[in-house]
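Heads up: the structure comes next, in structure tokens.
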Amino acid sequence: MVLKRPRADVGASARPPTSPVAPVLPHAMAHAAPPPIPHPPPIAHPPPVSQGSEPTSGAPPVSPGPAQPQAGFPEPPAAPPLSRDDEMERARYIVAGLLPSTPPRVAGFDIAVFSQSRHVVGGDYFDFVPLADGRLAIAIADVSGKGLAAAMIMVRLREIVHGVLAHLTTAGEAVAMMNARLADSMPRGTFITFLLALLDPRSRELRAVNAGHCAPMVWRARLTGVRLLPLRGPALGLLGPERFAQAVGERVVALESGDCLCVFTDGVLEARNPGGEEFGATRLAAALRRHAGRPAREIADGIVAEVEGHMLPAPQHDDMALIVLKAL
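According to my numbering, the sequence shown is numbered sequentially starting from 2.
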């Protein structure tokens, strides 16, 4: 089911099937000046040549290439720069093709996702990547900046995430490789907070690495309590490969029936009421505790409703993204 939200928003959930993770996205030619003549001689052209055939005259074949300006003719004018509205529309179109519209179906788990942008195009990114060994990679990130620049970074991030996860099997190695590839290609001053979790539906274990992102929360059904996972590390793009690899660590979380993992972007915690007070981790933990006994879709909706109720009547301050993973 897709939850419709104003502006650019996504909300969906997936109930599990009976099988493991389903695969789910030159210049003018210069000639010596000829002697003056009354009229220029006609230019002989070779007959047309169809693709794959040989020319029927002795002239060499003409290879296709960019059109060159004729001598004595001015260069064509450059295309005008994009207006801000055009830029935003292009960025919105790009981002819409990056984010999954629904979460995957995973045996033994219930997954829901919510996303809503404060701007026409935000910087929040999330993804689900089925791996060849049956595990599911869950990624969530916040790209610094907005608009077309952020959208292009998100394109690059998604390309790297999918490429790395096709070859590396541990969360720590994968995130370190992502940082190494991004550090060479991102504009100066740009960074990405990123969290990667690899879920094994058979062992019901989750291996997670945090690169400067909000620490996830876990509801333990047996203990009826919520706790933050102590995951820390530098954001992607800030440190070189060696220093980054030394600064991040991988944590293993065993999920029992009824347990619930909640990962989110900072827009959830930093949602402000008219007095400027943030929603914060304490309110988020309380909201997760109140709704944890419900299906994942209802948990996500309940948390979002409390965040929005806290903000009213103030407008949304930042982009928000939220993923709920519940063990059945």
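We treat Cβ as the ideally placed atom computed from N, Cα and C, and that holds for glycine.
Tell me whether residue i counts as near the ligand COA, meaning its Cβ is closer than 7 Å to at least one heavy atom of that ligand.
{"i": "V165", "result": "With respect to small molecules bound, the structure shown includes none, and the ligand COA cannot be examined in it."}
Looking at residue i: is its Cβ nearer than 8 Å to the Cβ of residue j?
{"i": "M187", "j": "G234", "result": "no"}
{"i": "A293", "j": "F280", "result": "no"}
{"i": "G303", "j": "R295", "result": "yes"}
{"i": "L232", "j": "R136", "result": "no"}
{"i": "F129", "j": "A301", "result": "no"}
{"i": "L99", "j": "V156", "result": "yes"}
{"i": "M178", "j": "V162", "result": "no"}
{"i": "P104", "j": "A113", "result": "yes"}
{"i": "A140", "j": "L132", "result": "no"}
{"i": "E306", "j": "V325", "result": "The question names Glu, but residue 306 in the sequence shown is Ala. Not in contact: A306 and V325 (Cβ atoms no closer than 8 Å)."}
{"i": "V227", "j": "A172", "result": "no"}
{"i": "V308", "j": "L262", "result": "no"}
What number of angstroms, rounded off, separates the C-alpha of residue i from the C-alpha of residue j?
{"i": "L323", "j": "T170", "result": "25 Å"}
{"i": "G310", "j": "H168", "result": "44 Å"}
{"i": "S64", "j": "D111", "result": "Reliability fails at S64, whose pLDDT of 49 lies under 50, so the model's placement of it is uncertain and no value is given."}
{"i": "F195", "j": "P314", "result": "31 Å"}
{"i": "G241", "j": "D185", "result": "9 Å"}
{"i": "A255", "j": "V176", "result": "21 Å"}
{"i": "L270", "j": "A282", "result": "6 Å"}
{"i": "A236", "j": "R284", "result": "25 Å"}
{"i": "V144", "j": "V249", "result": "19 Å"}
{"i": "V264", "j": "R252", "result": "15 Å"}
{"i": "I95", "j": "T266", "result": "20 Å"}
{"i": "G268", "j": "H318", "result": "7 Å"}
{"i": "P202", "j": "L149", "result": "37 Å"}
{"i": "L224", "j": "E299", "result": "21 Å"}
{"i": "N274", "j": "F245", "result": "36 Å"}
{"i": "D260", "j": "G109", "result": "12 Å"}
Using the Cβ count rule (16 or more neighbours within 10 Å means buried), how would you classify residue i?
{"i": "S258", "result": "exposed"}
{"i": "S102", "result": "exposed"}
{"i": "A288", "result": "buried"}
{"i": "Q117", "result": "buried"}
{"i": "M30", "result": "Below a pLDDT of 50, predicted positions are generally treated as unreliable, and M30, at 40, falls in that range; the measurement from the model is reported next regardless. That one is exposed."}
Roughly how far, in whole angstroms, is the beta-carbon of residue i from the beta-carbon of residue j, given that I think they are within contact range, below 8 Å?
{"i": "A216", "j": "L207", "result": "Contact flag wrong, Cβ pair sits at about 14 Å."}
{"i": "A328", "j": "R205", "result": "6 Å"}
{"i": "D320", "j": "G124", "result": "6 Å"}
| request: Note down, one range per segment and in chain order, each beta strand (DSSP E) of at least 3 residues found wholly within the region 91 to 145. | output: Segments of the beta strand (DSSP E) lying fully in the region 91 to 145: 110 to 117, 125 to 131, 137 to 144.
| field | Start-end ranges of the beta strand (DSSP E) lying completely within the region 223 to 308, minimum 3 residues | value | Along the length of the region 223 to 308, whole beta strand (DSSP E) runs at least 3 residues long occupy 226 to 229, 251 to 255, 261 to 265, reported in chain order.
| message | Please give the ranges of any alpha helix (DSSP H) in the region 138 to 199, keeping only runs that are unbroken, at least 4 residues long and fully inside the region. | response | Runs of the alpha helix (DSSP H) inside the region 138 to 199: 148 to 166, 172 to 184.
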